[in-house]
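Visitor: Before anything else, here's the structure in question.
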Amino acid sequence: MARYHIETYGCTSNRGESREIERRLRDAGHHRVDGPDEADVAILNTCTVVEKTERNMLRRAEELADETADLYITGCMALAQGEEFAAADVDGRVLHWDEVPEAVTNGECPTTTPDAEPILDGVVGILPIARGCMSDCSYCITKRATGKIDSPPIEENVRKAEALLHAGAKEIRITGQDTGVYGWDEGERKLHRLLEEICELEGEFRVRVGMANPKGVHGIREELASVFAEYDELYDFLHAPVQSGSDDVLGDMRRQHQVEEYLEVVETFDDQLDYWTLSTDFIVGFPTETDRDHEQSMALLRETRPEKINVTRFSKRPGTDAAKMKGLGGTIKKERSKEMSAAKRELVGEAYESMVGEVREDVLVVEHGTADSVKCRDSAYRQLIVQNASDHGLEPGDFVDLEVTAHETMYAFGKPVSEA
(Lines of atoms letter the chains of each structure in order from A and count residues from 1; the text may use other names and numbers.)
(Lines give C-alpha, C1' and ligand atoms only; values in the text may rest on other atoms or scores of the structure.)
Protein backbone atom coordinates (compact mmCIF):
# COMPACT_ATOMS: atom_id res chain seq x y z
CA MET A 1 0.00 0.00 0.00
CA ALA A 2 1.19 3.51 -0.83
CA ARG A 3 2.30 6.30 1.45
CA TYR A 4 0.86 9.54 0.07
CA HIS A 5 1.38 13.27 0.55
CA ILE A 6 -1.38 15.67 -0.58
CA GLU A 7 -1.38 19.45 -0.95
CA THR A 8 -4.46 21.53 -1.73
CA TYR A 9 -4.69 25.11 -2.98
CA GLY A 10 -7.65 27.34 -3.74
CA CYS A 11 -11.28 27.28 -2.66
CA THR A 12 -13.27 25.09 -0.29
CA SER A 13 -14.51 23.04 -3.25
CA ASN A 14 -10.93 21.97 -3.92
CA ARG A 15 -10.48 21.11 -0.26
CA GLY A 16 -13.67 19.07 -0.32
CA GLU A 17 -12.42 17.14 -3.35
CA SER A 18 -9.09 16.49 -1.62
CA ARG A 19 -10.90 15.11 1.37
CA GLU A 20 -12.86 12.76 -0.86
CA ILE A 21 -9.59 11.65 -2.49
CA GLU A 22 -8.20 10.99 0.98
CA ARG A 23 -11.28 9.08 2.08
CA ARG A 24 -11.00 6.75 -0.89
CA LEU A 25 -7.27 6.29 -0.41
CA ARG A 26 -7.66 5.53 3.27
CA ASP A 27 -10.50 3.12 2.54
CA ALA A 28 -8.12 1.33 0.17
CA GLY A 29 -5.50 1.01 2.89
CA HIS A 30 -3.14 3.79 1.87
CA HIS A 31 -1.60 6.04 4.51
CA ARG A 32 -0.89 9.75 4.62
CA VAL A 33 2.60 10.89 5.66
CA ASP A 34 3.83 14.25 6.86
CA GLY A 35 5.86 15.32 3.85
CA PRO A 36 6.79 14.47 0.27
CA ASP A 37 10.21 13.15 1.30
CA GLU A 38 8.48 10.27 3.11
CA ALA A 39 5.89 9.58 0.40
CA ASP A 40 5.68 7.15 -2.47
CA VAL A 41 3.10 9.38 -4.16
CA ALA A 42 2.48 13.13 -4.09
CA ILE A 43 -0.88 14.67 -5.03
CA LEU A 44 -1.14 18.35 -5.95
CA ASN A 45 -4.66 19.83 -6.09
CA THR A 46 -4.20 23.08 -7.99
CA CYS A 47 -5.83 26.50 -8.28
CA THR A 48 -5.61 28.86 -11.25
CA VAL A 49 -7.66 31.86 -10.19
CA VAL A 50 -5.01 34.46 -11.12
CA GLU A 51 -1.70 34.48 -13.01
CA LYS A 52 0.43 34.65 -9.86
CA THR A 53 -1.29 31.51 -8.55
CA GLU A 54 -0.55 29.76 -11.85
CA ARG A 55 3.16 30.46 -11.51
CA ASN A 56 3.15 29.22 -7.92
CA MET A 57 1.44 25.99 -8.99
CA LEU A 58 4.04 25.30 -11.68
CA ARG A 59 6.87 25.95 -9.26
CA ARG A 60 5.37 23.69 -6.58
CA ALA A 61 4.73 20.91 -9.10
CA GLU A 62 8.37 21.01 -10.17
CA GLU A 63 9.46 20.75 -6.53
CA LEU A 64 7.17 17.83 -5.74
CA ALA A 65 8.22 15.98 -8.90
CA ASP A 66 11.81 16.14 -7.69
CA GLU A 67 10.92 14.96 -4.18
CA THR A 68 8.69 11.93 -4.91
CA ALA A 69 8.64 8.96 -7.27
CA ASP A 70 5.14 9.68 -8.61
CA LEU A 71 3.27 12.97 -8.87
CA TYR A 72 -0.44 13.30 -9.65
CA ILE A 73 -1.72 16.78 -10.51
CA THR A 74 -5.41 17.62 -10.30
CA GLY A 75 -7.64 20.61 -9.62
CA CYS A 76 -8.57 23.61 -11.72
CA MET A 77 -5.20 24.46 -13.27
CA ALA A 78 -4.48 20.83 -14.08
CA LEU A 79 -7.77 20.42 -15.91
CA ALA A 80 -7.92 23.81 -17.61
CA GLN A 81 -4.21 24.20 -18.42
CA GLY A 82 -2.71 20.75 -18.19
CA GLU A 83 -0.43 21.52 -21.10
CA GLU A 84 1.38 24.11 -18.98
CA PHE A 85 2.84 21.37 -16.80
CA ALA A 86 4.07 19.48 -19.84
CA ALA A 87 5.55 22.68 -21.29
CA ALA A 88 7.41 23.22 -18.02
CA ASP A 89 8.70 19.64 -18.27
CA VAL A 90 7.06 18.64 -14.99
CA ASP A 91 7.30 14.88 -14.47
CA GLY A 92 3.71 14.39 -13.31
CA ARG A 93 0.41 12.94 -14.47
CA VAL A 94 -2.60 15.26 -14.91
CA LEU A 95 -5.90 13.72 -13.79
CA HIS A 96 -9.46 14.65 -12.86
CA TRP A 97 -9.80 14.53 -9.08
CA ASP A 98 -11.96 11.40 -9.01
CA GLU A 99 -9.39 9.57 -11.16
CA VAL A 100 -6.64 10.10 -8.60
CA PRO A 101 -7.59 7.31 -6.14
CA GLU A 102 -7.84 4.79 -8.96
CA ALA A 103 -4.45 5.84 -10.31
CA VAL A 104 -2.84 5.50 -6.90
CA THR A 105 -4.47 2.16 -6.16
CA ASN A 106 -3.69 0.76 -9.63
CA GLY A 107 -7.03 -1.01 -9.71
CA GLU A 108 -6.51 -2.78 -6.38
CA CYS A 109 -9.58 -3.82 -4.43
CA PRO A 110 -10.32 -1.55 -1.46
CA THR A 111 -8.99 -2.69 1.88
CA THR A 112 -10.90 -0.93 4.63
CA THR A 113 -8.75 0.27 7.50
CA PRO A 114 -9.91 0.88 11.09
CA ASP A 115 -9.61 4.65 10.69
CA ALA A 116 -11.76 4.81 7.51
CA GLU A 117 -14.29 7.50 8.40
CA PRO A 118 -15.49 10.88 7.12
CA ILE A 119 -12.55 13.25 7.12
CA LEU A 120 -13.07 16.53 8.96
CA ASP A 121 -11.07 19.72 9.26
CA GLY A 122 -11.32 19.92 13.03
CA VAL A 123 -15.04 20.39 13.75
CA VAL A 124 -15.69 21.71 10.23
CA GLY A 125 -17.16 19.36 7.64
CA ILE A 126 -16.89 20.41 4.00
CA LEU A 127 -19.79 19.24 1.82
CA PRO A 128 -19.46 19.83 -1.95
CA ILE A 129 -23.08 19.58 -3.10
CA ALA A 130 -22.43 19.72 -6.85
CA ARG A 131 -19.74 20.24 -9.46
CA GLY A 132 -19.67 22.81 -12.21
CA CYS A 133 -21.88 25.81 -12.90
CA MET A 134 -24.35 27.22 -15.41
CA SER A 135 -22.34 30.34 -16.27
CA ASP A 136 -20.05 31.13 -19.20
CA CYS A 137 -18.10 34.12 -17.92
CA SER A 138 -15.69 35.55 -20.47
CA TYR A 139 -12.81 35.82 -17.96
CA CYS A 140 -13.18 32.46 -16.18
CA ILE A 141 -10.82 29.55 -16.79
CA THR A 142 -12.28 27.34 -14.07
CA LYS A 143 -15.28 26.46 -16.27
CA ARG A 144 -12.93 24.59 -18.61
CA ALA A 145 -12.03 22.35 -15.69
CA THR A 146 -15.44 21.85 -14.10
CA GLY A 147 -18.01 21.91 -16.90
CA LYS A 148 -21.77 22.31 -16.49
CA ILE A 149 -23.56 21.79 -13.20
CA ASP A 150 -23.92 18.18 -12.08
CA SER A 151 -26.19 17.93 -9.03
CA PRO A 152 -26.41 14.74 -6.96
CA PRO A 153 -29.86 14.10 -5.44
CA ILE A 154 -30.89 15.91 -2.28
CA GLU A 155 -31.05 12.60 -0.42
CA GLU A 156 -27.43 11.83 -1.25
CA ASN A 157 -26.19 15.19 0.01
CA VAL A 158 -28.29 14.89 3.16
CA ARG A 159 -26.76 11.48 3.87
CA LYS A 160 -23.27 12.99 3.48
CA ALA A 161 -24.18 15.84 5.84
CA GLU A 162 -25.51 13.37 8.40
CA ALA A 163 -22.31 11.33 8.16
CA LEU A 164 -20.27 14.46 8.83
CA LEU A 165 -22.37 15.25 11.89
CA HIS A 166 -22.02 11.71 13.20
CA ALA A 167 -18.26 12.03 12.73
CA GLY A 168 -18.17 15.13 14.94
CA ALA A 169 -18.80 18.08 12.64
CA LYS A 170 -20.29 21.15 14.30
CA GLU A 171 -20.12 23.34 11.20
CA ILE A 172 -21.01 22.11 7.72
CA ARG A 173 -19.76 24.23 4.85
CA ILE A 174 -21.90 23.82 1.73
CA THR A 175 -19.58 24.33 -1.23
CA GLY A 176 -19.63 24.32 -5.02
CA GLN A 177 -18.68 26.46 -7.99
CA ASP A 178 -22.16 28.01 -7.73
CA THR A 179 -24.39 26.65 -4.98
CA GLY A 180 -27.33 28.76 -6.15
CA VAL A 181 -27.87 26.65 -9.27
CA TYR A 182 -27.88 23.33 -7.42
CA GLY A 183 -30.52 21.23 -9.20
CA TRP A 184 -30.70 23.43 -12.31
CA ASP A 185 -29.43 20.53 -14.44
CA GLU A 186 -32.67 18.76 -13.51
CA GLY A 187 -34.78 21.81 -14.33
CA GLU A 188 -35.33 23.04 -10.77
CA ARG A 189 -33.18 25.04 -8.36
CA LYS A 190 -33.20 23.07 -5.13
CA LEU A 191 -30.78 24.78 -2.76
CA HIS A 192 -33.52 25.94 -0.37
CA ARG A 193 -35.00 22.45 -0.21
CA LEU A 194 -31.60 20.89 0.45
CA LEU A 195 -30.91 23.37 3.25
CA GLU A 196 -34.26 22.64 4.88
CA GLU A 197 -33.55 18.92 5.02
CA ILE A 198 -30.01 19.36 6.34
CA CYS A 199 -31.22 21.74 9.05
CA GLU A 200 -33.81 19.15 10.15
CA LEU A 201 -31.04 16.68 11.05
CA GLU A 202 -30.51 15.95 14.74
CA GLY A 203 -27.84 17.74 16.72
CA GLU A 204 -26.56 21.22 17.47
CA PHE A 205 -24.62 22.53 14.50
CA ARG A 206 -24.31 25.34 12.01
CA VAL A 207 -24.43 25.42 8.21
CA ARG A 208 -22.62 27.93 6.02
CA VAL A 209 -23.67 28.27 2.39
CA GLY A 210 -20.80 28.87 -0.04
CA MET A 211 -20.66 31.05 -3.12
CA ALA A 212 -23.92 31.50 -5.03
CA ASN A 213 -24.00 33.75 -8.09
CA PRO A 214 -26.71 36.43 -8.04
CA LYS A 215 -28.56 35.01 -11.06
CA GLY A 216 -29.01 31.60 -9.47
CA VAL A 217 -30.15 33.10 -6.17
CA HIS A 218 -32.46 35.65 -7.76
CA GLY A 219 -35.02 33.09 -8.94
CA ILE A 220 -35.35 31.56 -5.47
CA ARG A 221 -34.53 34.60 -3.36
CA GLU A 222 -37.83 34.64 -1.45
CA GLU A 223 -37.73 30.90 -0.73
CA LEU A 224 -34.06 31.00 0.21
CA ALA A 225 -34.37 34.00 2.52
CA SER A 226 -37.36 32.34 4.21
CA VAL A 227 -35.29 29.24 4.96
CA PHE A 228 -32.52 31.40 6.42
CA ALA A 229 -35.08 33.20 8.59
CA GLU A 230 -36.66 29.95 9.81
CA TYR A 231 -33.62 27.88 10.77
CA ASP A 232 -31.14 28.88 13.46
CA GLU A 233 -28.81 26.19 12.14
CA LEU A 234 -28.08 28.35 9.11
CA TYR A 235 -25.54 31.12 9.40
CA ASP A 236 -27.29 34.23 8.09
CA PHE A 237 -24.54 34.71 5.53
CA LEU A 238 -24.78 35.01 1.75
CA HIS A 239 -21.81 35.12 -0.63
CA ALA A 240 -23.17 36.57 -3.89
CA PRO A 241 -20.32 37.87 -6.11
CA VAL A 242 -21.58 40.82 -8.15
CA GLN A 243 -18.15 41.54 -9.79
CA SER A 244 -19.15 44.98 -11.14
CA GLY A 245 -21.61 47.78 -10.54
CA SER A 246 -21.92 48.43 -14.28
CA ASP A 247 -24.39 46.53 -16.45
CA ASP A 248 -22.16 47.24 -19.46
CA VAL A 249 -19.18 45.55 -17.83
CA LEU A 250 -21.35 42.68 -16.56
CA GLY A 251 -22.45 42.15 -20.15
CA ASP A 252 -18.85 42.06 -21.38
CA MET A 253 -18.01 39.67 -18.56
CA ARG A 254 -20.96 37.51 -19.71
CA ARG A 255 -22.28 37.46 -16.18
CA GLN A 256 -25.89 36.28 -16.25
CA HIS A 257 -27.21 38.92 -13.85
CA GLN A 258 -27.64 42.66 -13.94
CA VAL A 259 -27.10 45.06 -11.08
CA GLU A 260 -30.82 45.38 -10.38
CA GLU A 261 -31.13 41.61 -9.83
CA TYR A 262 -28.28 41.70 -7.33
CA LEU A 263 -29.97 44.59 -5.53
CA GLU A 264 -33.25 42.67 -5.42
CA VAL A 265 -31.50 39.72 -3.77
CA VAL A 266 -29.97 42.02 -1.15
CA GLU A 267 -33.31 43.76 -0.53
CA THR A 268 -35.09 40.44 -0.07
CA PHE A 269 -32.60 39.28 2.56
CA ASP A 270 -32.78 42.70 4.22
CA ASP A 271 -36.57 42.36 4.45
CA GLN A 272 -36.50 38.90 6.02
CA LEU A 273 -33.38 39.01 8.21
CA ASP A 274 -32.63 41.53 10.95
CA TYR A 275 -28.93 40.66 11.25
CA TRP A 276 -27.04 39.04 8.41
CA THR A 277 -23.78 39.24 6.50
CA LEU A 278 -23.54 40.05 2.81
CA SER A 279 -20.33 38.88 1.14
CA THR A 280 -19.49 39.83 -2.42
CA ASP A 281 -16.66 40.05 -4.95
CA PHE A 282 -15.54 42.80 -7.32
CA ILE A 283 -13.16 42.53 -10.28
CA VAL A 284 -11.46 45.86 -10.88
CA GLY A 285 -9.78 46.81 -14.13
CA PHE A 286 -11.71 44.56 -16.52
CA PRO A 287 -10.55 45.49 -20.07
CA THR A 288 -13.74 47.39 -20.93
CA GLU A 289 -14.17 49.08 -17.55
CA THR A 290 -14.27 52.88 -17.88
CA ASP A 291 -13.87 55.44 -15.13
CA ARG A 292 -17.67 55.72 -15.00
CA ASP A 293 -18.02 51.93 -14.70
CA HIS A 294 -15.60 51.94 -11.80
CA GLU A 295 -17.53 54.77 -10.13
CA GLN A 296 -20.70 52.69 -10.46
CA SER A 297 -18.96 49.78 -8.71
CA MET A 298 -17.86 52.07 -5.91
CA ALA A 299 -21.40 53.43 -5.57
CA LEU A 300 -22.85 49.92 -5.43
CA LEU A 301 -20.34 48.92 -2.78
CA ARG A 302 -21.33 51.86 -0.59
CA GLU A 303 -25.06 51.34 -1.21
CA THR A 304 -25.18 47.65 -0.26
CA ARG A 305 -22.44 47.83 2.43
CA PRO A 306 -21.26 44.20 2.37
CA GLU A 307 -19.35 43.08 5.47
CA LYS A 308 -17.05 40.74 3.54
CA ILE A 309 -15.58 41.89 0.23
CA ASN A 310 -13.09 40.22 -2.11
CA VAL A 311 -11.36 42.71 -4.43
CA THR A 312 -9.45 41.20 -7.38
CA ARG A 313 -7.49 42.96 -10.09
CA PHE A 314 -8.34 41.55 -13.50
CA SER A 315 -5.71 39.26 -14.99
CA LYS A 316 -5.90 37.53 -18.35
CA ARG A 317 -6.40 33.77 -18.21
CA PRO A 318 -5.21 31.78 -21.24
CA GLY A 319 -7.92 30.36 -23.45
CA THR A 320 -10.62 32.74 -22.22
CA ASP A 321 -12.38 35.28 -24.43
CA ALA A 322 -11.39 38.14 -22.13
CA ALA A 323 -7.74 37.32 -22.73
CA LYS A 324 -8.20 38.52 -26.31
CA MET A 325 -9.33 41.97 -25.18
CA LYS A 326 -6.96 44.92 -25.02
CA GLY A 327 -6.21 45.31 -21.33
CA LEU A 328 -6.01 48.39 -19.15
CA GLY A 329 -2.68 49.55 -17.87
CA GLY A 330 -1.32 48.19 -14.61
CA THR A 331 -1.37 51.65 -13.04
CA ILE A 332 -5.10 52.06 -13.66
CA LYS A 333 -5.87 48.65 -12.16
CA LYS A 334 -3.67 49.35 -9.17
CA GLU A 335 -5.30 52.73 -8.47
CA ARG A 336 -8.83 51.35 -8.75
CA SER A 337 -7.95 48.37 -6.58
CA LYS A 338 -6.42 50.67 -3.97
CA GLU A 339 -9.51 52.87 -3.88
CA MET A 340 -11.91 49.96 -3.53
CA SER A 341 -9.75 48.20 -0.94
CA ALA A 342 -9.71 51.34 1.19
CA ALA A 343 -13.51 51.54 1.01
CA LYS A 344 -13.68 47.85 1.89
CA ARG A 345 -11.61 48.33 5.05
CA GLU A 346 -13.78 51.26 6.06
CA LEU A 347 -17.06 49.35 5.60
CA VAL A 348 -15.89 46.16 7.27
CA GLY A 349 -14.34 48.08 10.15
CA GLU A 350 -17.61 49.95 10.71
CA ALA A 351 -19.54 46.67 10.76
CA TYR A 352 -17.34 45.19 13.46
CA GLU A 353 -17.22 48.46 15.42
CA SER A 354 -21.03 48.43 15.58
CA MET A 355 -20.89 45.11 17.44
CA VAL A 356 -18.86 46.38 20.40
CA GLY A 357 -20.85 46.22 23.64
CA GLU A 358 -23.42 43.79 22.26
CA VAL A 359 -23.94 40.17 23.29
CA ARG A 360 -23.85 37.43 20.67
CA GLU A 361 -25.64 34.24 21.73
CA ASP A 362 -24.80 30.66 20.75
CA VAL A 363 -21.53 31.59 19.10
CA LEU A 364 -19.72 28.52 17.74
CA VAL A 365 -16.06 27.98 18.60
CA VAL A 366 -14.69 26.82 15.24
CA GLU A 367 -10.93 26.44 15.66
CA HIS A 368 -7.86 27.27 17.71
CA GLY A 369 -6.12 30.55 16.95
CA THR A 370 -2.71 31.81 17.98
CA ALA A 371 -1.41 32.35 21.52
CA ASP A 372 -4.14 30.43 23.35
CA SER A 373 -7.03 32.02 21.46
CA VAL A 374 -10.00 30.50 19.66
CA LYS A 375 -11.80 31.68 16.53
CA CYS A 376 -15.57 31.79 16.75
CA ARG A 377 -18.48 32.60 14.44
CA ASP A 378 -21.70 34.32 15.43
CA SER A 379 -25.11 33.79 13.81
CA ALA A 380 -24.14 35.98 10.82
CA TYR A 381 -20.75 34.28 10.41
CA ARG A 382 -18.86 37.27 11.72
CA GLN A 383 -15.58 36.31 13.35
CA LEU A 384 -14.98 36.78 17.06
CA ILE A 385 -11.71 36.01 18.83
CA VAL A 386 -11.59 34.88 22.45
CA GLN A 387 -8.17 35.27 24.01
CA ASN A 388 -6.87 33.10 26.86
CA ALA A 389 -9.29 30.41 25.74
CA SER A 390 -7.95 27.78 28.15
CA ASP A 391 -8.88 30.02 31.08
CA HIS A 392 -12.46 29.91 29.86
CA GLY A 393 -12.40 26.19 29.06
CA LEU A 394 -13.29 26.82 25.42
CA GLU A 395 -12.61 24.24 22.72
CA PRO A 396 -13.66 23.92 19.06
CA GLY A 397 -17.22 22.65 18.88
CA ASP A 398 -18.42 24.54 21.96
CA PHE A 399 -21.28 27.03 21.86
CA VAL A 400 -20.94 30.12 24.04
CA ASP A 401 -22.56 33.51 24.63
CA LEU A 402 -20.04 36.31 24.08
CA GLU A 403 -19.99 40.01 24.84
CA VAL A 404 -18.11 41.91 22.14
CA THR A 405 -15.41 43.94 23.87
CA ALA A 406 -13.29 45.39 21.05
CA HIS A 407 -12.59 45.04 17.35
CA GLU A 408 -10.02 45.13 14.59
CA THR A 409 -10.85 45.77 10.95
CA MET A 410 -11.71 42.18 10.04
CA TYR A 411 -12.80 40.66 13.36
CA ALA A 412 -13.97 41.42 16.89
CA PHE A 413 -12.93 40.30 20.36
CA GLY A 414 -15.29 38.74 22.86
CA LYS A 415 -15.48 37.33 26.38
CA PRO A 416 -17.93 34.77 27.76
CA VAL A 417 -20.91 36.66 29.16
CA SER A 418 -20.49 35.23 32.65
CA GLU A 419 -16.96 36.63 32.77
CA ALA A 420 -17.24 39.80 30.72
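Residue numbers (full-length UniProt numbering): 1 to 420. Ideal Cβ positions, reconstructed from N, Cα and C, are used throughout, including at glycine. Quick caveat: nothing in here was measured; it's all calculated off a predicted structure.
1) Three-state secondary structure (DSSP) at K143?
2) Along the beta strand (DSSP E) that carries T312, what are the first and last residues, could you check?
3) So if DSSP puts V359 in a beta bridge, which residue, or which two residues, is it bridged to?
4) May I ask you to report which of helix, strand or coil DSSP gives S244?
5) Near M298, which residues of its chain fall below 8 Å by C-beta distance, leaving aside the five closest residues on each side in sequence?
6) Alpha carbons only, please: which of E353, K324 and T312 is nearest the one belonging to A335?
7) Does the CB of I129 have a neighbour CB from chain B at under 7 Å?
8) Could you tell me the alpha carbon to alpha carbon distance between R32 and G92, rounded to whole angstroms?
9) Kindly indicate which three-state DSSP category R93 falls into: helix, strand or coil?
10) Is P101 near I21, with beta carbons less than 7 Å apart?
11) Just the C-alpha distance for E403 and G393, rounded to the nearest angstrom, thanks.
12) Taking the alpha helix (DSSP H) that L165 falls in, what are its first and last residues?
13) Rounding to the nearest angstrom, what Cα-Cα distance links residue 423 and F413 in this structure?
14) Tell me whether the beta-carbon of Y72 lies closer than 7 Å to the beta-carbon of A39.
15) From Q272 to N310, what does the alpha carbon distance come to, in whole angstroms?
16) For the beta strand (DSSP E) that contains E7, what are its first and last residues?
17) Alpha carbon to alpha carbon, how far is residue 421 from G180?
18) Span of the beta strand (DSSP E) holding L127?
19) Can you tell me whether Y275 is buried or exposed? The criterion is at least 16 other CB atoms within 10 Å of its CB, across all chains shown.
Guide: In terms of the structure at hand:
1) It is helical.
2) Taken as a continuous stretch (DSSP letters only), the beta strand (DSSP E) holding T312 covers K308 to R313.
3) DSSP lists E403 as partners of V359.
4) In this structure, S244 counts as coil in the three-state DSSP scheme.
5) Around M298: G245, E339, M340 and A343.
6) The amino acid at residue 335 is misidentified as Ala; the sequence shows Glu. E335 has its Cα closest to that of T312, out of E353, K324 and T312.
7) Absent from the structure is chain B; it holds one protein chain and no more.
8) Looking at the two C-alpha atoms, the distance is approximately 19 Å.
9) In the structure shown, R93 sits in a strand (DSSP, three-state: E or B).
10) In contact: P101 and I21 (Cβ atoms closer than 7 Å).
11) Distance between the alpha carbons of E403 and G393: 16 Å.
12) Note, L165: alpha helix (DSSP H), I154 to H166.
13) Absent from the model: residue 423. The displayed extent of the chain is 1 to 420, so no value can be given.
14) Not in contact: Y72 and A39 (Cβ atoms no closer than 7 Å).
15) Spanning the two alpha carbons is a distance of roughly 25 Å.
16) Per DSSP, the continuous beta strand (DSSP E) segment holding E7 begins and ends at R3 to T8.
17) Only positions 1 to 420 of the chain appear in this structure, which leaves residue 421 out of reach.
18) Element bounds for L127: V124 to P128.
19) Exposed, since its Cβ has fewer than 16 Cβ neighbours within 10 Å.
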